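The listed protein sequences correspond, in order, to chains A and B.
Sequential numbering of the first sequence, starting at 16, is according to the working numbering.
Sequential numbering of the second sequence, starting at 16, is according to the working numbering.
By construction, the Cβ of each residue, glycine as well, lies at the ideal position given by its N, Cα and C atoms.
Remember, it's a predicted structure, so these values are computed and weren't measured experimentally.
Data block below; observations after.
Protein chains: 2
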Amino acid sequence: MRLIENWFSERYSDNLQLSFRVQDQLLSVKTDYQRIDLFNTYDFGKLLSIDGTVQLTEKDEYIYHEMITMVPYYCTAKSDSALIIGGGDGGAAKRLIDLGIKRIVNVEIDQNVVEISRKYFPELADSFNNKNVELIIGDGIKYVKDTDESFDLIIIDSTDPVGPAEGLFNKSFYENARARLSDDGIIVTQSGSPYYQPEALKMATKGMLDVFSNVRTYIAFIPTYPSGLWSFTMASKSEIMQRKEKVIPGRYFNEDVLKGSFYLPEFVKNIIKSI
Amino acid sequence: MRLIENWFSERYSDNLQLSFRVQDQLLSVKTDYQRIDLFNTYDFGKLLSIDGTVQLTEKDEYIYHEMITMVPYYCTAKSDSALIIGGGDGGAAKRLIDLGIKRIVNVEIDQNVVEISRKYFPELADSFNNKNVELIIGDGIKYVKDTDESFDLIIIDSTDPVGPAEGLFNKSFYENARARLSDDGIIVTQSGSPYYQPEALKMATKGMLDVFSNVRTYIAFIPTYPSGLWSFTMASKSEIMQRKEKVIPGRYFNEDVLKGSFYLPEFVKNIIKSI
Numbered sequence: 016m017r018l019i020e021n022w023f024s025e026r027y028s029d030n031l032q033l034s035f036r037v038q039d040q041l042l043s044v045k046t047d048y049q050r051i052d053l054f055n056t057y058d059f060g061k062l063l064s065i066d067g068t069v070q071l072t073e074k075d076e077y078i079y080h081e082m083i084t085m086v087p088y089y090c091t092a093k094s095d096s097a098l099i100i101g102g103g104d105g106g107a108a109k110r111l112i113d114l115g116i117k118r119i120v121n122v123e124i125d126q127n128v129v130e131i132s133r134k135y136f137p138e139l140a141d142s143f144n145n146k147n148v149e150l151i152i153g154d155g156i157k158y159v160k161d162t163d164e165s166f167d168l169i170i171i172d173s174t175d176p177v178g179p180a181e182g183l184f185n186k187s188f189y190e191n192a193r194a195r196l197s198d199d200g201i202i203v204t205q206s207g208s209p210y211y212q213p214e215a216l217k218m219a220t221k222g223m224l225d226v227f228s229n230v231r232t233y234i235a236f237i238p239t240y241p242s243g244l245w246s247f248t249m250a251s252k253s254e255i256m257q258r259k260e261k262v263i264p265g266r267y268f269n270e271d272v273l274k275g276s277f278y279l280p281e282f283v284k285n286i287i288k289s290i
Numbered sequence: 016m017r018l019i020e021n022w023f024s025e026r027y028s029d030n031l032q033l034s035f036r037v038q039d040q041l042l043s044v045k046t047d048y049q050r051i052d053l054f055n056t057y058d059f060g061k062l063l064s065i066d067g068t069v070q071l072t073e074k075d076e077y078i079y080h081e082m083i084t085m086v087p088y089y090c091t092a093k094s095d096s097a098l099i100i101g102g103g104d105g106g107a108a109k110r111l112i113d114l115g116i117k118r119i120v121n122v123e124i125d126q127n128v129v130e131i132s133r134k135y136f137p138e139l140a141d142s143f144n145n146k147n148v149e150l151i152i153g154d155g156i157k158y159v160k161d162t163d164e165s166f167d168l169i170i171i172d173s174t175d176p177v178g179p180a181e182g183l184f185n186k187s188f189y190e191n192a193r194a195r196l197s198d199d200g201i202i203v204t205q206s207g208s209p210y211y212q213p214e215a216l217k218m219a220t221k222g223m224l225d226v227f228s229n230v231r232t233y234i235a236f237i238p239t240y241p242s243g244l245w246s247f248t249m250a251s252k253s254e255i256m257q258r259k260e261k262v263i264p265g266r267y268f269n270e271d272v273l274k275g276s277f278y279l280p281e282f283v284k285n286i287i288k289s290i
C-alpha cells in the first residue's frame, strides 16, 4: 500500500510516478501470489492495483480489454472457443461474451482477484456467471500443458513478466499453448509499455518467434498505464490478417484502430529488431 | 514552481498528477506572458515547464517535434517555406532545417523562451543561428495578419488554448493564416490530449472547419504529456494526403506512423463528431 495523504502513486521508476487522489482505500490484502490494493479514486473510479501497479480502473478498463480481445477476434475467421489466462477481473471474458464466443475457459491463479472483482467490479465479474464461461482457479501454465482442448483464441491477460506471470512469457509456455491452438487460431499477450519496459516486449516477441512463424505487435493508448502507450504481441500458425469483414466498434476499438494499431513508431520497431 | 521534496509535479486535474524527481531547479521566472520553470530531472534530462505544464524534456522532445513537422511535410508536394508560430525552443525549426526547407520564419512571443533554450537546450536553439531561419520576437496573430508572404507550411507550436495561445485556436486567426498559405500548403496545430482536454481538440477542429474544407486529426504518443496521447489538427485548401513518396524515418516518425497516426480511436472520433 502506497497511500500517502490520500494519494495512491504508481512508481514508474525511482524518479517518476503517476498519482491518483483517492477518496478511500477499500482493501489491501497480501495473497499467496501478490499484494492487491483497491482504491476509490476521484478521476478514474475504483482502481485495482497488484504489487503497486495499476491493473484496471473503472473509467478506462475498456481500452485494455477491448484491445486484448477485439483485435485478435477480428484476425480469426473462426472464433468458437477462447482460453483466457489471468483476467480474474472478468473484463476480457465480458468482451468475448459480447463478441458471441460460445466456449470461454478462464484460468486465473489467484482466487482473491475473482472475489474482489465480484464484489467491487460486478459489471465485469458478472461474466463468470455466464453459461458460456468456465472459470478455473489454477495455474495457467499447468492448464495449458495438461488440457486436450483446442482453442481459436488464447488470451494472456497477465501481470508483467516479473513474479507469478514470468512463466507466461517464455518458449516452453508458448510451445504448450501452440499445441492447444486451432489451425488459424491466435494467441495474444499483453507485453508492457514499450517506452518503460522494452524487456517485456522483447521477451514476448522472442518467446513467440521461437515457436511461431507469424508474430505481430500492436499498440494502444491507455492513460493509467506507464507512459500511456501499451503493447500487445500476437502469434499464429497462419498469416495474421483481418479475417472478419464487418467490424463493430467498441468505445476505443474500431475498424481504423484494427488497421492503425499495427503501425508502430520507429523506436518500437527498433526494440523488436534488436531481438 | 511546484517543487516539493525534489519532485516536480504536473497536475492533470485536482486529483491526478505526474511527478518527476529532480536533481535541481535551474530556473524559475515570471515573464510578461507566463511562468517558466526549468528542472534537471533524473529520468528525462532537462525539463521545461510553462505555467506548470511540461513543454519539453531532453529525452522525449523528439516525438512531439517530429510529429508536428514531419507529418505535414510529407503531405505537401512543395515545401520551400515554413512559418512557425511559437516554437521558441527551436525544436520545430531544427526538424524543418533537417527536412531541407529553405525559408523558415519563426515567430515567438516570449523572448525568454528563446534565451532559456539558447542556454539550456543549445542543440535545439542552434537552429536560430541557421541562415535559413528568421527569428522574430513578436505576436504570431499579428504577424499572420500583417505579412504579405506565403508559406507552404504553417506550424502552430503553441501552449494550450488558455492564456496567450488562446487566440491561435479561433476562426479569425485561421482566416488570416489561410490567406498566407500556398495552394497545396498545410497548416497544423497541436491540439492537446484528447483524453483530458477534448475542448482543445474541438476548438482547433471547429476553428479550422470554419475556414478550410479539408481538416484532419492525427495522434501521437508522448510519455511526458497528459495521458500520453496527443493530438494534432491540420488543414489545407487541397485534399490532405501523402504527397512525397520517399519517407525517411526519424526516431518516432516513419512511413507507418505517417499512415497510422490518422487512424483514430473511437472516443477521439466521437469528440470530433460532437462539434
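**Item:** V69 of chain A: contacting residues in chain B (beta-carbon distance under 9 Å)
**Value:** Those within 9 Å of V69 of chain A in chain B number zero; the least Cβ separation is about 12 Å.
**Message:** Does any residue of chain A have a CB that is nearer than 8 Å to the CB of R231 of chain B?
**Reply:** By the rule that beta-carbons nearer than 8 Å mark a contact, R231 of chain B does not touch chain A.
**Item:** Candidates A:K160, A:I202, A:G178, of which the one nearest I171 of chain A by Cα
**Value:** Among A:K160, A:I202, A:G178, the Cα nearest to that of I171 of chain A is on A:I202.
**Runs of beta strand (DSSP E) lying entirely within the segment 34 to 98 of chain B, each at least 3 residues, in chain order** = Runs found: 50 to 56, 60 to 65, 68 to 72.
**Prompt:** From A:D66, A:G60, A:T84, pick the residue whose C-alpha is nearest to that of L273 of chain A; which is it?
**Reply:** In this structure, A:T84 is the residue among A:D66, A:G60, A:T84 with its C-alpha nearest to the C-alpha of L273 of chain A.
**Prompt:** S132 of chain A: buried (16+ other C-beta within 10 angstroms of its C-beta) or exposed?
**Reply:** S132 of chain A is classed as buried because its beta carbon has at least 16 other beta carbons within 10 Å across all chains shown.
**Request:** Just the C-alpha distance for N191 of chain B and S228 of chain B, rounded to the nearest angstrom, thanks.
**Result:** Distance from the CA atom of N191 of chain B to the CA atom of S228 of chain B, rounded to whole angstroms, is 15 Å.
**Asked** Taking C-beta to C-beta, are G178 of chain A and F143 of chain A nearer than 8 Å?
**Response** Not a contact, by the Cβ cut-off of 8 Å.
**Asked** Based on Cα-Cα distance, which residue from B:T174, B:K74, B:A108 lies nearest to Q49 of chain B?
**Response** Cα-wise, what sits closest to Q49 of chain B is B:T174.
**Asked** So which residues on chain A does R266 of chain B lean against when the C-beta distance must stay under 9 Å?
**Response** The answer, in chain order, is P280, E281, F282, N285.
**Prompt:** Who does L114 of chain A pair with in a DSSP beta bridge?
**Reply:** Answer by DSSP bridge pairing: none, since L114 of chain A is not bridged.
**Asked** Cα separation between N30 of chain B and I116 of chain B?
**Response** Cα to Cα, N30 of chain B sits roughly 44 Å from I116 of chain B.
**Prompt:** In terms of residues, what are the limits of the beta strand (DSSP E) holding G205 of chain A?
**Reply:** The amino acid at residue 205 of chain A is misidentified as Gly; the sequence shows Gln. Run containing Q205 of chain A: 196 to 205, per the beta strand (DSSP E) assignment.
**Asked** How would you list, in chain order, the residues of chain B whose beta-carbon sits under 8 Å from the beta-carbon of Q212 of chain A?
**Response** Chain B residues near Q212 of chain A: none, gap ~12 Å exceeds 8 Å.
**Request:** Tell me whether D271 of chain A sits in a helix, a strand or coil according to DSSP, three-state version.
**Result:** Helix, per DSSP.
**Request:** Tell me where the beta strand (DSSP E) around L150 of chain B begins and ends.
**Result:** Looking at the DSSP string, the run of the beta strand (DSSP E) that includes L150 of chain B is 148 to 152.
**Message:** Looking at the secondary structure, which residues open and close the beta strand (DSSP E) in which M249 of chain B lies?
**Reply:** Here the beta strand (DSSP E) through M249 of chain B covers 244 to 251.
**Request:** Pull up the distance between the alpha-carbon of Y79 of chain B and that of G182 of chain A, whole angstroms please.
**Result:** Approximately 37 Å between the Cα atoms of the pair.
**Request:** Give the DSSP-derived three-state secondary structure of R193 of chain A in the structure shown.
**Result:** In this structure, DSSP gives R193 of chain A a helical state, which the three-state scheme calls helix.
**Prompt:** Sorted by chain position, which residues of the same chain lie with C-beta nearer than 6 Å to P87 of chain A's C-beta, five sequence neighbours on each side aside?
**Reply:** Only L168, I201, V203, M249 meet the Cβ criterion.
**Request:** Confirm, please, whether the CB-CB distance from G155 of chain A to G101 of chain A is below 8 Å.
**Result:** For the 8 Å CB-CB criterion, G101 of chain A and G155 of chain A form a contact.
**Prompt:** Roughly how many angstroms lie between the CA atoms of Y211 of chain B and F136 of chain A, to the nearest whole one?
**Reply:** Computed Cα separation, rounded: 24 Å.
**Request:** Assuming G265 of chain A and Y77 of chain A form a contact by the criterion Cβ under 8 Å, report the distance between their Cβ atoms to the nearest whole angstrom.
**Result:** Indeed they touch by this definition, with Cβ atoms about 7 Å apart.
**Inter-residue spacing [alpha-carbon to alpha-carbon] between A140 of chain A and M218 of chain B** = In a straight line, the C-alpha of A140 of chain A is about 39 Å away from that of M218 of chain B.
**Request:** Name the one or two DSSP bridge partners that N121 of chain A has.
**Result:** Its beta-bridge partners are A:I99, A:L150.
**Request:** Leaving aside the five residues before and after D125 of chain A along the sequence, list all residues of the same chain whose C-beta is less than 7 Å from its C-beta, in chain order.
**Result:** These residues qualify, in order along the chain: T46, Y48, Q49, G103.
**Item:** 7 Å CB neighbourhood of G60 of chain A in its chain, flanking five on each side removed
**Value:** So the qualifying residues of the chain are T72, E73, K74.
**Asked** Among A:L224, A:A108, A:Q38, A:E25, which residue has its Cα nearest to the Cα of K288 of chain A?
**Response** For K288 of chain A, the closest of A:L224, A:A108, A:Q38, A:E25 by C-alpha to C-alpha distance is A:L224.
**Prompt:** Mind checking if P137 of chain B is an interface residue toward chain A, Cβ cutoff 8 Å exclusive?
**Reply:** Against chain A, the CB of P137 of chain B has no partner CB under 8 Å away; the residue lies outside that interface.
**Item:** I237 of chain A versus A107 of chain B: straight-line alpha-carbon distance, rounded
**Value:** One C-alpha to the other measures close to 27 Å.
**Asked** Roughly how many angstroms lie between the CA atoms of Q32 of chain A and F54 of chain B, to the nearest whole one?
**Response** Those two C-alpha atoms are separated by around 16 Å.
**Prompt:** Taking 8 Å as the CB-CB cut-off, is L33 of chain A touching chain B?
**Reply:** Judged by the 8 Å Cβ criterion, L33 of chain A is in contact with chain B.
**Request:** Kindly list the residues whose CB is nearer than 8 Å to the CB of D199 of chain A, restricted to its own chain and excluding five residues on each side of it in sequence; keep chain order.
**Result:** By the criterion of a C-beta distance shorter than 8 Å, D199 of chain A is surrounded in its chain by T91, A92, K93, D167, S251, K252, S253, R258, once the five residues flanking it on both sides are discounted.
**Prompt:** Does the beta carbon of P87 of chain A come closer than 8 Å to any beta carbon on chain B?
**Reply:** Using a CB distance cut-off of 8 Å, P87 of chain A does not count as an interface residue toward chain B.
**Request:** To the nearest angstrom, report how far apart V122 of chain B and S246 of chain B are at their CA atoms.
**Result:** Distance between the alpha carbons of V122 of chain B and S246 of chain B is about 22 Å.
**Prompt:** Anyone know if the C-beta pair for S165 of chain B and Y233 of chain B falls short of 8 Å?
**Reply:** No, these two residues do not count as a Cβ contact at 8 Å.
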